[in-house]
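K.L.:
Residue numbers (the numbering used here): 145 to 227.
Idealized CB from N, CA, C, for every residue including glycine.
1. On the criterion of 16 or more Cβ atoms from any shown chain inside 10 Å, does residue 222 qualify as buried, or is it exposed?
2. Identify whether residue 203 lies in helix, strand or coil by the three-state DSSP scheme.
3. Could you tell me whether the Cβ atoms of residue 207 and residue 145 are closer together than 7 Å?
4. For residue 164, which three-state DSSP category applies?
5. Does the Cβ-Cβ distance between residue 193 and residue 156 come in under 7 Å?
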């Protein structure tokens with residue numbers, strides 16, 4: 145993924161409902177409210193957002209998006225600990 149792709153994904157993750165769909169919420173469970181989506185569906189939305197913004201990765205599946213995002217997060221945390 146390019147730096148531009150990463151910026152698009154990070155901006156998507158900065159929206160609280162999007163972040164919560166991937167990582168969950170620290171809030172207590174409430175009865176009612178918005179229906180929850182699966183993690184797989186959240187990663188599919190993330191891939192669709194990337195394609196909409198960059199016109200690349202049209203065939204990117206939810207699982208591939210999850211692997212790429214988790215790899216980016218893992219590497220950025222590792223690099224941050226080195227500095």
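P.N.:
In this structure, then:
1. exposed
2. The DSSP-derived three-state label of residue 203 is coil.
3. no
4. helix
5. yes
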